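Chains as they are written, first to last, in the numbering used here: chain B, 317 to 693; chain A, 317 to 693. Even glycine gets a Cβ: it sits at the ideal position worked out from N, Cα and C. Keep in mind that this is a model prediction, so the values were computed, not measured.
There are 2 protein chains.
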Amino acid sequence: MYELIKKDGLAKRGVLHTVHGDIQTPVFMNVGTAAAIKGAVSTEDLGQLKTQVELSNTYHLHVRPGDEIVKKLGGLHKFMVWDKPILTDSGGFQVFSLADLRKIKEEGVYFHSHVDGRKIFMGPEQSMQIQSNLASTIAMAFDECAPALADKTYVKNSVERTTRWLKRCKTEMNRLNGLEDTINKNQMLFGINQGAIFDDIRIEHARQITEMDLDGYAIGGLAVGETHEQMYHILDVTVPHLPVDKPTYLMGVGTPENILEGVARGVDFFDCVYPTRNGRHGHVYTNQGKLNLFNQKFELDDRPIEEGCNCPACRRYSRAYIRHLLKAKEMLGMRLCVMHNLYFYNTMMEEIRDAIEAGNYRSYMDDKLYGMKQGQS
Amino acid sequence: MYELIKKDGLAKRGVLHTVHGDIQTPVFMNVGTAAAIKGAVSTEDLGQLKTQVELSNTYHLHVRPGDEIVKKLGGLHKFMVWDKPILTDSGGFQVFSLADLRKIKEEGVYFHSHVDGRKIFMGPEQSMQIQSNLASTIAMAFDECAPALADKTYVKNSVERTTRWLKRCKTEMNRLNGLEDTINKNQMLFGINQGAIFDDIRIEHARQITEMDLDGYAIGGLAVGETHEQMYHILDVTVPHLPVDKPTYLMGVGTPENILEGVARGVDFFDCVYPTRNGRHGHVYTNQGKLNLFNQKFELDDRPIEEGCNCPACRRYSRAYIRHLLKAKEMLGMRLCVMHNLYFYNTMMEEIRDAIEAGNYRSYMDDKLYGMKQGQS
Chain B
317 MYELIKKDGL AKRGVLHTVH GDIQTPVFMN VGTAAAIKGA VSTEDLGQLK
367 TQVELSNTYH LHVRPGDEIV KKLGGLHKFM VWDKPILTDS GGFQVFSLAD
417 LRKIKEEGVY FHSHVDGRKI FMGPEQSMQI QSNLASTIAM AFDECAPALA
467 DKTYVKNSVE RTTRWLKRCK TEMNRLNGLE DTINKNQMLF GINQGAIFDD
517 IRIEHARQIT EMDLDGYAIG GLAVGETHEQ MYHILDVTVP HLPVDKPTYL
567 MGVGTPENIL EGVARGVDFF DCVYPTRNGR HGHVYTNQGK LNLFNQKFEL
617 DDRPIEEGCN CPACRRYSRA YIRHLLKAKE MLGMRLCVMH NLYFYNTMME
667 EIRDAIEAGN YRSYMDDKLY GMKQGQS
Chain A
317 MYELIKKDGL AKRGVLHTVH GDIQTPVFMN VGTAAAIKGA VSTEDLGQLK
367 TQVELSNTYH LHVRPGDEIV KKLGGLHKFM VWDKPILTDS GGFQVFSLAD
417 LRKIKEEGVY FHSHVDGRKI FMGPEQSMQI QSNLASTIAM AFDECAPALA
467 DKTYVKNSVE RTTRWLKRCK TEMNRLNGLE DTINKNQMLF GINQGAIFDD
517 IRIEHARQIT EMDLDGYAIG GLAVGETHEQ MYHILDVTVP HLPVDKPTYL
567 MGVGTPENIL EGVARGVDFF DCVYPTRNGR HGHVYTNQGK LNLFNQKFEL
617 DDRPIEEGCN CPACRRYSRA YIRHLLKAKE MLGMRLCVMH NLYFYNTMME
667 EIRDAIEAGN YRSYMDDKLY GMKQGQS
């Protein structure tokens with residue numbers, strides 16, 4: 317159950333009550349694709365990183381180790397040893413972006429596994445069943461994420477099918493939550509708004525799915541090739557047609573700037589691989605902009621990544637040491653950068669929540685954006 | 317200063333007092349080649365793994381980031397953020413095994429860096445200077461590790477040169493320890509016994525270097541291709557000719573079995589890449605033998621790697637989860653296995669020390685060897 321605590325402009329400060337504890341929003345979900353945060357970060361480490369929600373990928377876990385295996389082992393929480401909320405995506409995005417030779421039909425999608433080439437079928441019911449086996453806190457509806465540059469007729473047909481799929485998802489999730497051997501009988505279902513960059517399709521779809529009274533609503537199909545301005549425009553026109561008293565989740569987004577702009581437009585759930593992926597490449601976030609620790613200028617720099625940062629990397633290690641680790645291809649370098657970046661994102665979300673509560677979100681955001689731009693110049 | 321606390325047969329229980337704290341022996345030094353334990357294990361993690369001594373490689377740090385850089389950053393302890401003892405090898409072993417196009421002369425060795433092909437010269441003085449820059453607790457003498465199958469004439473000439481080099485090492489180390497800007501003015505120097513598998517050369521060399529009254533004595537050139545029986549034989553004939561009131565270090569050794577046998581022959585310092593390297597390949601040590609966690613039979617195994625083990629991996633995660641991580645090529649899998657293996661080795665050394673103190677080393681060793689063999693059958 318979602319509770320809206322405070323609004324500051326369009327920015328929402330909320331809390332989602334779940335069987336795995338409360339999620340304070342706005343929140344950034346930390347991506348652990350295959351039931352692990354890339355960069356050798358464990359669920360034990362997450363305790364030091366202010367992580368509220370871990371996000372795992374249904375498609376990846378379905379192909380390896382297999383959701384039936386995870387179920388036999390007691391579900392994802394027990395498997396990863398993480399007792400806080402977990403969100404699983406629907407598998408749809410990966411089916412459309414990773415899998416080979418996919419074929420979309422009314423019943424669902426036929427495709428080949430990217431791991432072993434095995435032929436797999438996934439439709440709304442299968443996606444719900446897999447997510448029920450994984451026993452995440454929040455399941456995502458199975459949708460089609462249409463290509464960024466698809467024409468309007470394609471997008472219209474795709475979105476209509478996504479709506480039909482969403483109804484099947486809801487029916488199946490209700491059935492699964494009522495079964496005796498379901499691990500999490502309170503699994504939530506979030507619907508996903510689609511419509512590419514077409515305002516009218518987005519709005520009409522938002523209205524339709526809002527009527528279905530789901531646990532939360534995501535905006536999908538953004539950050540897949542359109543400009544930032546297009547993304548912000550779609551938020552401007554779509555979010556007002558989603559219920560304010562439910563979580564609003566912008567999928568796969570994004571940079572700190574994107575998140576700040578998203579919050580200003582009423583979004584309160586985010587997820588993105590940037591902090592982990594950038595960390596693995598030695599790119600670290602600071603309030604003065606991003607640093608590339610491979611840069612020669614850090615060779616003798618004995619300061620932490622960011623002065624005053626209280627993350628496990630900054631509390632102890634210097635830029636010079638981490639740079640050396642990255643250059644020497646020591647995994648420890650990636651681990652330290654990933655931990656710093658997740659801490660940076662999660663701390664920014666904490667600041668965002670404080671700013672909304674204090675009613676000064678806009679000035680907080682302007683200052684934050686200004687600081688990050690200064691350092692990058 | 318080394319203190320022999322107790323002998324049980326030939327097994328030695330000692331303590332080496334250093335400026336970076338005491339080392340309780342027998343000890344297994346944990347290898348962090350390039351100033352980091354491979355497998356994303358930090359010096360902070362070592363605090364949970366009972367690590368007493370970290371070992372870094374002079375050659376690797378000389379070529380990257382450069383010992384002058386490390387010195388400018390305050391030495392290896394400050395660089396890695398580790399305040400306990402560090403041993404650095406001399407660089408000799410890597411020069412002879414890793415570098416390209418090496419040429420051995422009386423003054424030292426000319427070779428090309430394996431990182432950038434740059435031509436480098438390293439002799440006894442250079443090795444001491446580099447190790448002094450790194451400011452390790454214990455420096456190793458620059459020696460030639462002759463090929464395992466070298467003929468006797470080659471080995472005899474090589475060992476004679478190694479003795480001449482050792483004298484130069486001692487002179488240079490004394491000079492460096494007296495310089496104003498030396499970071500660790502109490503740097504210790506261990507000599508290295510060589511002689512391949514020739515008893516008479518080993519014994520004569522042991523006598524010569526013992527006369528030089530160094531801080532400790534290593535046996536080098538073993539575990540490089542000879543059989544375990546040949547290794548134990550060399551220990552049997554050589555160790556009695558090294559001073560019992562100084563640390564005895566068997567370089568690059570080895571399996572838990574090798575260590576148990578080495579302790580029984582009077583060795584009290586060990587180092588080896590096995591626990592880290594095997595861990596990165598999913599091979600983990602237990603008191604019932606080694607397990608390969610890639611094995612299918614662990615797919616649904618919700619037990620820890622070893623029941624009752626108190627390492628960070630076993631306290632929290634299952635074999636099934638770690639197996640999944642390894643299969644999915646998640647770095648976290650390697651990290652957990654490496655931490656378990658180091659904890660296993662360091663805990664075994666603790667048991668060994670207790671057994672010697674209790675005067676029942678032989679029966680402890682027999683039981684330990686029996687248990688490990690049972691599981692492997």
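Contact between the region 437-446 of chain A and the region 611-626 of chain A is absent, with fewer than three C-beta pairs closer than 8 Å.
Counted as a single uninterrupted DSSP element, the stretch harbouring B/T453 is not any alpha helix (DSSP H), since DSSP gives it neither H nor E. Within chain B, the residues L389 have their CB atoms less than 7 Å from the CB of A/D618, given in chain order. In terms of beta-carbon proximity, B/R380 lines the interface with chain A, with at least one pair separated by less than 7 Å. Annotation for B/T334: the continuous beta strand (DSSP E) segment containing it runs 327-334.
By the Cβ criterion, the region 463-473 of chain B is not in contact with the region 388-406 of chain B, since fewer than three pairs of Cβ atoms, one from each stretch, lie closer than 8 Å. The beta-carbon of A/V397 is placed less than 7 Å from the nearest beta-carbon of chain B.
Contact between B/L538 and B/L566 holds, since their C-beta atoms are separated by about 7 Å, short of 8 Å. Of all residues in the region 498-525 of chain B, none is placed with a Cβ closer than 8 Å to any Cβ belonging to chain A.
Per DSSP, B/M647 is one residue of the alpha helix (DSSP H) stretching across 647-674. Selection A/G391, A/G348, A/K562 evaluated against A/E370 yields A/G348 as nearest (Cα-Cα). In the displayed model, B/T602 falls within a strand according to three-state DSSP. When rounded, the separation of the alpha-carbon atoms in B/G507 and A/K684 is 58 Å. The DSSP-derived three-state label of B/Y470 is helix. B/M647 is not a Cβ neighbour of A/A351, given a cutoff of 7 Å.
Per DSSP, A/M567 is not a residue of any beta strand (DSSP E), being assigned neither H nor E.
Secondary structure at B/F585: strand, using DSSP grouped into helix, strand and coil. For B/N509, the closest C-alpha among the options B/R523, B/D324, B/N611, B/G570 is that of B/R523.
In the DSSP assignment, B/N608 forms a beta bridge with B/H599. A/N574 sits in a helix when the DSSP states are folded into three classes.
In this structure, the alpha-carbon of B/G439 lies about 6 Å from that of B/V425. Nearest CB-CB separation between A/H597 and chain B: not below the 7 Å threshold. Beyond the five residues adjoining it in sequence on each side, B/R380 comes within less than 8 Å, by CB distance, of A350, V431 in the same chain, given in chain order.
Note on geometry: alpha-carbon atoms of B/E622 and B/Y637 lie some 14 Å from one another.
Beta-bridge analysis with DSSP links B/G407 to no other residue. Sequence-distant Cβ neighbours of A/S679 in its own chain, meaning closer than 6 Å and more than five residues away, do not exist here. Counting other Cβ atoms within 10 Å of its Cβ, A/T487 stays below 16 and is therefore classed as exposed. The residues R329, Q340, T341, P342, in chain order, have a CB closer than 8 Å to that of A/R669 in the same chain once the five nearest residues on each side in sequence are set aside. Bounds of the alpha helix (DSSP H) holding B/I517 are 515-526.
Identification of chain B residues near A/M647 by a Cβ-Cβ cut-off of 8 Å yields K354, G355, A356, M647, M650, R651, ordered along the chain.
Contact holds between the region 543-556 of chain A and the region 514-521 of chain A, because three or more Cβ pairs, one in each stretch, are under 8 Å apart. Note on geometry: alpha-carbon atoms of A/I454 and B/L658 lie some 38 Å from one another. Taking a C-beta distance under 7 Å as the contact criterion, B/S406 and B/A451 do not qualify as a contact pair.
The beta carbons of A/K435 and A/H428 sit closer together than 7 Å. What B/R632 touches in chain A, judged by beta-carbon distance under 7 Å, is E360, V397, going in chain order. For A/E615, the chain B residues whose Cβ falls inside 8 Å of its Cβ are P381, I385, in order along the chain.
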